[in-house]
Amino acid sequence: MLGLGLLLMITVEACKETEVGTIVKDDKQAPGPLSNAVVENLNGAAKITFSLPGDKDLLYVRAVYTNKRGVVWETKVSRYLNNLTLEGFGDSDVYEAKLYAVDKSENESVPLIVKVHPKTPPFVLVKDRLKTRSVFGGISVDYENDSEANIAIVVLANDRLGNFVPIRTFNTRSKTGDFSARDLPSVDTKFGLFVRDRWGNLSDTTYVTLKPLFEVKLDKSKMKGLILPTDARVFPGNSIDALFNDDVSNNTYYHSTDVDGIPQWFTYDMGQTVKLSRLSWFMRQGWYFMLHNPRNVEIWGSNNPPTDGSYNNWVLLTTHEQIKPSGLPYGQNSNADVEAANLGETVLFPIEAPAVRYIRFKTLRNWSGGSYVNFTEITMWGNPQ
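No gaps in the numbering here: position 233 of the sequence shown is 255 in my numbering, and each next residue is one more.
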């Protein structure tokens, strides 16, 4: 009898719990409206704080507005919040937003109509502060993105058919930085620049005419490794020459051993004396911003490298640190990270750097903190003497 009584008690309690958690699906009663709206206008956005109705079955708050292109945007927040932020405004005009309280049966309240007046959107602020300059083989663009908005900066120029088209799209959410569009002839060139945000809003276009500095892509068939006594030892089956075969896949690559530690370096002969403009190296595919790809480097040049492997007769041309565009933790890559890796990491040489024939590539730190270096390719540009 005791066991039967206990079973009845458990059954009754279970039924009570089920009954309390049941949602009435056919409720036709709309919740009360939101009230007491307070607007804080932001750059390209507006934060609206409000008072919630007292309905116990309130589920969420929905806000709707229409942009200038006729696209309807919607934002939802749970019943536990008394504010929401509308984003994606393409200008600083006045907009009307409608806010609805929605209950568990998806009944909507009458709308609370709110006027918002967003400040200048971030993509416009970025466009207005772009700075350009001529560089070897192209144009360099400096940007400031104080709000760290997710934007794309687009550079346009005439293609071979005379069409004014995008030649470089740079995606970023960094606060400040620069990028370049390259491989252009050294002639007066008309460029256009505009900025796009993640909602598809576009700034107007700024036009500038610049003359890229002369450079050519160097002939890799003339390049070959030069083994000197202090250079890092190469892992069996790999070679320095693998960096000059235009293969950026994982089929061939340079790979040092781990016995020499960091810093370490290797040396190569360009086969000609060159006033260098830039160098690009390419990380191993599948290991972007990871493992033993170079991160901090020094590039040295010489016209008469000593046979003892010392740094006599060598001049430091430049130093460089590879920056991960997204700033994500180790092992996590964004689309911007992959795009940057596929383009290659570019090292710029100062215009006052001397013309040289021999290069010493010195790695001060790799991406894993390990003791060896590997990557797939080096490409160089400059003005052969």
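Quick reminder that beta carbons are idealized off the backbone N, C-alpha and C, glycines included. Computed from a predicted model, the values in this text were never measured in an experiment.
For residue 331 and residue 248, what's the separation of their Cα atoms in angstroms? Within the sequence shown, residue 331 is the residue found at index 309, counting from 1. Within the sequence shown, residue 248 is the residue found at index 226, counting from 1. Those two C-alpha atoms are separated by around 10 Å.
CB contact check: residue 168 to chain C, cutoff 9 Å: No chain C is present in this structure, which holds just one protein chain.
Is residue 250 near the ligand ZN - that is, is its Cβ less than 8 Å away from at least one heavy atom of it? Annotation note on the ligand ZN: not contained in the displayed structure, which lists no ligands.
One question on the structure: do residue 224 and residue 213 come within less than 9 Å of each other, judged by their Cβ atoms? Looking up residue 224 in the sequence shown gives position 202. Looking up residue 213 in the sequence shown gives position 191. No, Cβ-Cβ distance for residue 224 and residue 213 is not below 9 Å.
Distance, residue 141 Cα to residue 64 Cα: Residue numbering aside, residue 64 sits at position 42 when the sequence shown is read from its first letter. Residue numbering aside, residue 141 sits at position 119 when the sequence shown is read from its first letter. So the two alpha carbons sit approximately 5 Å from each other.
So, is residue 373 buried or exposed, given that buried needs 16 or more other C-beta atoms within 10 angstroms? Counting from 1 along the sequence shown, the entry for residue 373 is found at position 351. Result: exposed.
Please go through the region 168-210 and give each complete beta strand (DSSP E) segment of 3 or more residues, from N-terminal end onward. 173-180, 186-194 and 198-203
Hey, quick one: how far does the alpha helix (DSSP H) through residue 119 stretch, first residue to last? Position 97 of the sequence shown, counting from 1, holds the residue named residue 119. It is not in any alpha helix (DSSP H) - residue 119 instead sits in the beta strand (DSSP E) that spans 117-125.
Environment of residue 181 [buried if 16+ CB atoms lie within 10 Å]: What you label residue 181 is simply residue 159 of the sequence shown in a count that begins at 1. Looking at its Cβ environment, which holds fewer than 16 other Cβ atoms inside 10 Å, residue 181 is exposed.
Where does residue 403 sit, in a helix, a strand or coil, going by DSSP? Start at 1 with the first residue of the sequence shown, and residue 403 comes out as number 381. Reduced to three states, the DSSP call for residue 403 is strand.
Out of 156, 382, 109 and 243, point me to the one whose CA is closest to residue 200's CA. Mapped onto the sequence shown, residue 200 falls at position 178. Closest by alpha carbon: 156.
How would you label residue 402, buried or exposed, when you count the other beta carbons within 10 angstroms and need 16 or more for buried? For the purposes of this step, residue 402 is taken as residue 380 along the sequence shown, with counting starting at 1. Buried is the call here.
How many angstroms separate the CA atom of residue 88 from the CA atom of residue 115? Taking the sequence shown and counting its residues from 1, the one referred to as residue 88 is at position 66. Taking the sequence shown and counting its residues from 1, the one referred to as residue 115 is at position 93. Approximately 12 Å between the Cα atoms of the pair.
Taking 9 Å as the threshold (C-beta atoms), are residue 288 and residue 398 in contact? Translated into the one-based positions of the sequence shown, residue 398 becomes position 376. Translated into the one-based positions of the sequence shown, residue 288 becomes position 266. It is not a contact, given that the beta carbons lie outside the stated cut-off.
For residue 206 and residue 159, which I take to be in contact (beta-carbon distance under 8 Å), what is that distance rounded to the nearest angstrom? Against the sequence shown, residue 206 aligns to sequence position 184. Against the sequence shown, residue 159 aligns to sequence position 137. Indeed they touch by this definition, with Cβ atoms about 6 Å apart.
For residue 387, list the residues DSSP reports as bridge partners. Locating residue 387 in the sequence shown gives position 365, where the first residue counts as 1. Beta-bridge pairing links residue 387 to 318.
Could you give the DSSP three-state label for residue 269: helix, strand or coil? Position 247 of the sequence shown, counted from the start, is the residue given in the question as residue 269. Coil at residue 269, not helix or strand.
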